[in-house]
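**Student:**
Protein chains in written order, with the UniProt record's numbering: chain A, 1 to 382; chain B, 1 to 628.
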């Protein structure tokens, strides 16, 4: 048993399946099920139009997740830069020939479905940074020059996504990357310097923005500017939230959401609906599930033998955490309105797919936790 | 290996720190959840169960329009209307039925209401009836328990003081139509009006201002319980025009009963002091909503009351065009000012005969005399020597043949023909005969009354290319900036050439032989100079010419000549330019010249400076007016 774990590259698919963290998978299924229930309620007590399609998507994503988990993490490491290059190319392609939808240039039409390269980039970024820092020694990490390439790796796509314009995703990407830099061991004062530079360069960058981009940023910072749009949503969200009380109004009984006072109840504002119908009890339950998922993500990171695996696990967990935090803080009126879905719950295919692929990587890190990878990603272990 | 463990230790420490950060953030979420769902739960439960928060857009007051002395032309008056919020009534049909028993709702109103309800979001109120009187307001108030979703809304409506006097300049506001709808949320407000014509249209965005918003708590019946917060909008700008309303009134009175247009310009600034187009209409009627009959009467009237003839009417300039031809001739050197030509009463070109208005002929004529007595034969010959392209080029420089860019919608270009134009438009080459006709301002040549006024202004100010405008300042939605005077380019006329032409125009009025001598101003220092024009609208046949041309008064109105006159004053130090066109009015000197004289006399008697105190008083006055 012990020796087999040291030679996981020779594990059969059946053996790998046994090593999958099934309790973690159960947590995901439980959370997604809460989503199905809420989408059933949002549909006015019907599987149509949302719950049924969401279940189908989850099923497809689930299979994909397990598939990703079974692939040797050394393969992911080897192709990390290639995946990044493809994602970057697609981002540029979207900029040049992207399909314009919802007032922003985010999609690329692949015939069968619309691919959102910024979602792909979230995964690619984690893999790329993990590979870069995998080979880094503590001394190297302390060299500002050594940090220059990964900073470029982050800022390039961030600038492209900001241009789309998709401020929400840009912020997510920057925060998740910062977290990876942080656990990689970049010295604290460097974060302070970057924060300072960002603060100073913000007014300069402001001049390079288009008028409509400025408007978007202003609305982002102050939703009261948009009283019938974002501002209206947040007021109604807070009423629905607060009126749920401790125990909630009961399943299918959320008056605010069912009377259409709550906008976009099936997507960004679904947590409000949960809080209205199931009260604080319901909200805390979901939050507890999310916390467990993050905790297990951390545990998987700490249990991995390869630095690459550790970094990937931390990157995925942190990205997941950011989704949760930004969405819930937004619907409760703690931060400005940004279009970030509630992971595993909100109706929508692209974000669900990204997340499940991410979880697939996380599970893969666990399956291959005892694989060692040389400092330079050498092939000696292959 | 030691290094690796050092890195792992660092990693683990950082993961612990990150976990700590996440715990902090999650506690923030839990704390907020506790605050909303436990501490504030009762308040939000009340809001959700019995009350709702509604967002109301606040209509900014539309900017008032004043004349050059600050006298109000367009102000806002309070009015009351009943509105219906569709989401606050269980049955729109039933509520409308009940409301219909209290105040009259016409079937067409009802159709409009149902259409608007379908189009708008459920919480946006829809106007049921506008301009309610007090009796109706109180009857609705008494019956509110039976009228869920019905509210009385106080609004402001546009009121045009002296509406008919300035209708073509001011234009009017009217309800938003489907095609006007854009992203401006104000468009969805009941009773919102936008500028549809005149300066109300051109400066609509600036006059409109920006909407504010108010968060109100309403109960289940939709009654407002209290206002929670309010964000004020930005009122529209005060629009000051260059119009002098009293001069405008005087001009209208002089044109009354005719289909006519008159423009009075400040020759140095291009400011329009008066712009009249008769007959006129009442812009207040558009705001109120016209009945079908009223509309039909307006559009079927042969005198076209809805058309601003001053900028959209295109007329042959007739003899008022002779200054243009004279200047072109002097500049091209085809004749000198002292060269004399012989007018026998007609000129023969090939086998066509071109007649002078004076059958017996003017005899020996130099340029001054040709202008003074309006000799056609002289200008036939000069035009023949010039060619059409040279004439049109000079006309272009004096402001004809293209839009002048006045701040009004619907300006026409007029027409200054060229060889190239005719080939393009008609497909046939230009004929020399057509040049001769153009030389006396007839044929293809077309101008607007505004262009005639601008031409006269450019002659009188020594060849400065002033352009006309109505807004006293440069007005954009963002800001109002004063116009800079004196930044007009020169059109490059030789002062000596100009002097010949202006002397001719002076003699038209001052010389006993001048065509408009009877219309001279005898007050020293206020004398005017001008030029008459009479434009034939029918073709005088050879037969008729032989039997004696019929007098205008014997003809049907539509067959009579157009009467034109352009003038400026005072002669010694020009200040005002005027153009008068009376459709089918007969002779320029007999019909149009006396009007121009009276207008110029009035303009000179008026104070044209803008005393700041008077202006401020007037603004305070109309502010109070719009509040009351």
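Built from N, CA and C at the ideal position, the CB exists for glycine as well.
The structure displayed is predicted, hence computed values, not measured ones.
On the criterion of 16 or more Cβ atoms from any shown chain inside 10 Å, does residue 35 of chain B qualify as buried, or is it exposed?
**Tutor:** Here residue 35 of chain B corresponds to residue number 35 of the second chain, with the count starting at 1. By the 10 Å Cβ count, residue 35 of chain B comes out exposed.
**Student:** Three-state secondary structure (DSSP) at residue 372 of chain A?
**Tutor:** In the first chain, residue 372 of chain A corresponds to position 372, counting from 1. Three-state result, residue 372 of chain A: coil.
**Student:** Using a Cβ distance threshold of 8 Å, determine whether the segment 334-342 of chain B contacts the segment 423-439 of chain B, with at least three qualifying pairs required.
**Tutor:** With the cut-off at 8 Å, the segment 334-342 of chain B and the segment 423-439 of chain B do not touch.
**Student:** Considering only the beta carbon of each residue, do residue 163 of chain B and residue 284 of chain B sit closer than 9 Å?
**Tutor:** For the purposes of this step, residue 163 of chain B is taken as the residue at position 163 of the second chain. For the purposes of this step, residue 284 of chain B is taken as the residue at position 284 of the second chain. Yes; because the gap between Cβ atoms is below 9 Å, this pair is in contact.
**Student:** Note the first and the last residue of the continuous alpha helix (DSSP H) segment covering residue 200 of chain B.
**Tutor:** For the purposes of this step, residue 200 of chain B is identified with residue 200 of the second chain, where counting begins at 1. First-last of the alpha helix (DSSP H) with residue 200 of chain B: 198-202.
**Student:** In three-state terms, what does DSSP make of residue 576 of chain B?
**Tutor:** For the purposes of this step, residue 576 of chain B is taken as residue 576 along the second chain, with counting starting at 1. Of the three classes helix, strand and coil, the one that applies to residue 576 of chain B here is strand, per DSSP.
**Student:** Could you give the residue range of the alpha helix (DSSP H) that holds residue 497 of chain B?
**Tutor:** One-based indexing of the second chain puts residue 497 of chain B at position 497. Element bounds for residue 497 of chain B: 495-510.
**Student:** Going by C-alpha distance, which of B:81, B:38, B:188 and B:107 is nearest residue 56 of chain B?
**Tutor:** For the purposes of this step, residue 56 of chain B is taken as residue 56 along the second chain, with counting starting at 1. Comparing Cα positions, the closest option is B:188.
**Student:** Give, in chain order, every residue of the segment 185-196 of chain B whose Cβ lies closer than 7 Å to some Cβ of chain A.
**Tutor:** Those residues of the segment 185-196 of chain B that come within reach of chain A (Cβ to Cβ, closer than 7 Å) are 185.
**Student:** How big is the Cα-Cα spacing for residue 470 of chain B and residue 156 of chain A?
**Tutor:** Counting from one through the second chain, the residue named residue 470 of chain B turns up at place 470. Counting from one through the first chain, the residue named residue 156 of chain A turns up at place 156. The straight-line gap from Cα to Cα measures roughly 52 Å.
**Student:** Please report how far the alpha carbon of residue 12 of chain A lies from the alpha carbon of residue 298 of chain A, in whole angstroms.
**Tutor:** As a working note, residue 12 of chain A is residue 12 in the first chain. As a working note, residue 298 of chain A is residue 298 in the first chain. Distance between the alpha carbons of residue 12 of chain A and residue 298 of chain A is about 26 Å.
**Student:** Quick one: any contact between the segment 347-361 of chain A and the segment 49-64 of chain A, if contact means 3 or more CB pairs under 8 Å?
**Tutor:** In short, these stretches touch, since the Cβ pair count reaches three.
**Student:** Kindly confirm or deny that the segment 306-313 of chain A and the segment 363-375 of chain A touch, where touching means at least three C-beta pairs closer than 8 Å.
**Tutor:** Yes: at least three Cβ pairs fall under 8 Å.
**Student:** Tell me whether the beta-carbon of residue 185 of chain B lies closer than 9 Å to the beta-carbon of residue 88 of chain B.
**Tutor:** As a first step, residue 185 of chain B must be located in the second chain, where it is residue number 185. As a first step, residue 88 of chain B must be located in the second chain, where it is residue number 88. Cβ atoms of residue 185 of chain B and residue 88 of chain B: not closer than 9 Å.
**Student:** Using the DSSP secondary-structure output, state which residues sit across from residue 61 of chain B in a beta bridge.
**Tutor:** Along the second chain, read from residue 1 onward, the residue named residue 61 of chain B stands at position 61. According to DSSP, which records beta bridges pairwise, residue 61 of chain B is partnered with nothing at all.
**Student:** I want to see whether chain A comes within less than 9 Å of residue 48 of chain B, judged by CB atoms only; does it?
**Tutor:** As a position in the second chain, residue 48 of chain B is number 48, starting the count at 1. Output row for residue 48 of chain B: interface = yes.
**Student:** Mind checking if residue 28 of chain B is an interface residue toward chain A, Cβ cutoff 9 Å exclusive?
**Tutor:** Here residue 28 of chain B refers to the residue found at position 28 of the second chain. Chain A contact via Cβ: present.
**Student:** With DSSP collapsed to three states, give me the class of residue 472 of chain B.
**Tutor:** Position 472 of the second chain holds residue 472 of chain B. Of the three classes helix, strand and coil, the one that applies to residue 472 of chain B here is coil, per DSSP.
**Student:** Ignore the nearest five residues each way along the sequence and tell me which others in residue 504 of chain B's own chain have a CB closer than 6 Å to its CB.
**Tutor:** The residue given as residue 504 of chain B occupies position 504 in the second chain. Taken in chain order, the residues that qualify are 368, 371 and 372.
**Student:** Of all the residues that make up the segment 285-313 of chain A, which are near chain B by a beta-carbon distance shorter than 9 Å?
**Tutor:** Under the 9 Å Cβ criterion, the segment 285-313 of chain A contributes 287, 290, 291, 294, 295, 298, 301, 302, 307, 310 and 311.
**Student:** Pop quiz: residue 264 of chain B and residue 509 of chain B are said to be a contact at Cβ under 8 Å. What is the actual Cβ separation, rounded to whole angstroms?
**Tutor:** The count along the second chain starts at 1 and reaches residue 264 of chain B at position 264. The count along the second chain starts at 1 and reaches residue 509 of chain B at position 509. 17 Å between Cβ atoms; not a contact.
**Student:** DSSP three-state label for residue 100 of chain A, please.
**Tutor:** Stepping through the first chain from its first residue, residue 100 of chain A is reached at position 100. Only weak support is given to the placement of residue 100 of chain A: the predicted model assigns it a pLDDT of 47, under 50, and the value that follows is read from those uncertain coordinates. Three-state result, residue 100 of chain A: strand.
**Student:** Under a CB-based cut-off of 9 Å, is residue 208 of chain B close to chain A?
**Tutor:** One-based indexing of the second chain puts residue 208 of chain B at position 208. Cβ-Cβ to chain A under 9 Å: no for residue 208 of chain B.
**Student:** Using a C-beta cutoff of 9 Å, does residue 122 of chain A count as contacting chain B?
**Tutor:** Start at 1 with the first residue of the first chain, and residue 122 of chain A comes out as number 122. No - not a single Cβ of chain B is within 9 Å of the one on residue 122 of chain A.
**Student:** Between residue 146 of chain A and residue 62 of chain A, what straight-line distance do the alpha-carbon atoms span, to the nearest angstrom?
**Tutor:** Here residue 146 of chain A refers to the residue found at position 146 when the first chain is read from its first residue. Here residue 62 of chain A refers to the residue found at position 62 when the first chain is read from its first residue. When rounded, the distance between both Cα atoms is 38 Å.
**Student:** Contact criterion: CB-CB distance below 9 Å. Does residue 478 of chain B meet it with respect to chain A?
**Tutor:** Counting from 1 along the second chain, the entry for residue 478 of chain B is found at position 478. Chain A, which has no Cβ nearer than 9 Å to the Cβ of residue 478 of chain B, makes this no.
**Student:** For the segment 332-354 of chain A, list every residue whose C-beta sits within 7 Å of some C-beta in chain B, in sequence order.
**Tutor:** Within the segment 332-354 of chain A, the qualifying residues are 332 and 334.
**Student:** Name the chain A residues whose beta carbon is nearer than 9 Å to that of residue 44 of chain B?
**Tutor:** Here residue 44 of chain B refers to the residue found at position 44 when the second chain is read from its first residue. In chain order: 238, 239, 240, 241, 242, 243, 244 and 245.
**Student:** Please state whether DSSP places residue 169 of chain A in a helix, a strand or coil.
**Tutor:** Residue mapping note: residue 169 of chain A aligns to position 169 of the first chain, counting from 1. Note: residue 169 of chain A maps to helix in three-state DSSP.
**Student:** What are the boundary residues of the alpha helix (DSSP H) that includes residue 65 of chain A?
**Tutor:** Sequence index remark: in the first chain, residue 65 of chain A carries index 65 (1-based). 51-70 is the span of the alpha helix (DSSP H), which, as asked, contains residue 65 of chain A.
**Student:** Quick one: list the residues of chain B neighbouring residue 328 of chain A, beta-carbon separation under 7 Å, in chain order.
**Tutor:** On the first chain, position 328 is the one that residue 328 of chain A refers to. The answer, in chain order, is 29.
**Student:** Are residue 165 of chain B and residue 277 of chain B touching if we call contact CB-CB under 9 Å?
**Tutor:** Counted from its first residue, the second chain places residue 165 of chain B at position 165. Counted from its first residue, the second chain places residue 277 of chain B at position 277. The answer is no: Cβ separation not under 9 Å.
**Student:** Counting only Cβ pairs nearer than 8 Å, list the residues of chain A close to residue 38 of chain B.
**Tutor:** Position 38 of the second chain, counting from 1, holds the residue named residue 38 of chain B. Going along chain A in sequence order, the residues near residue 38 of chain B (Cβ under 8 Å) are 245, 246 and 280.
**Student:** Select from A:41, A:15 and A:31 the residue whose C-alpha is nearest the C-alpha of residue 254 of chain A.
**Tutor:** The residue given as residue 254 of chain A occupies position 254 in the first chain. It is A:41.
**Student:** Excluding the 5 residues preceding and the 5 following residue 175 of chain B in the sequence, name in chain order all residues of the same chain whose CB lies nearer than 7 Å to its CB.
**Tutor:** As a working note, residue 175 of chain B is residue 175 in the second chain. Closer than 7 Å at the Cβ level, and outside the excluded window around residue 175 of chain B, lie 193.
**Student:** Might you give, ordered along the chain, the residues of its own chain that have their beta carbon closer than 6 Å to the beta carbon of residue 108 of chain B, omitting 5 neighbours on each side?
**Tutor:** Stepping through the second chain from its first residue, residue 108 of chain B is reached at position 108. Same-chain partners within the cutoff: there are none.
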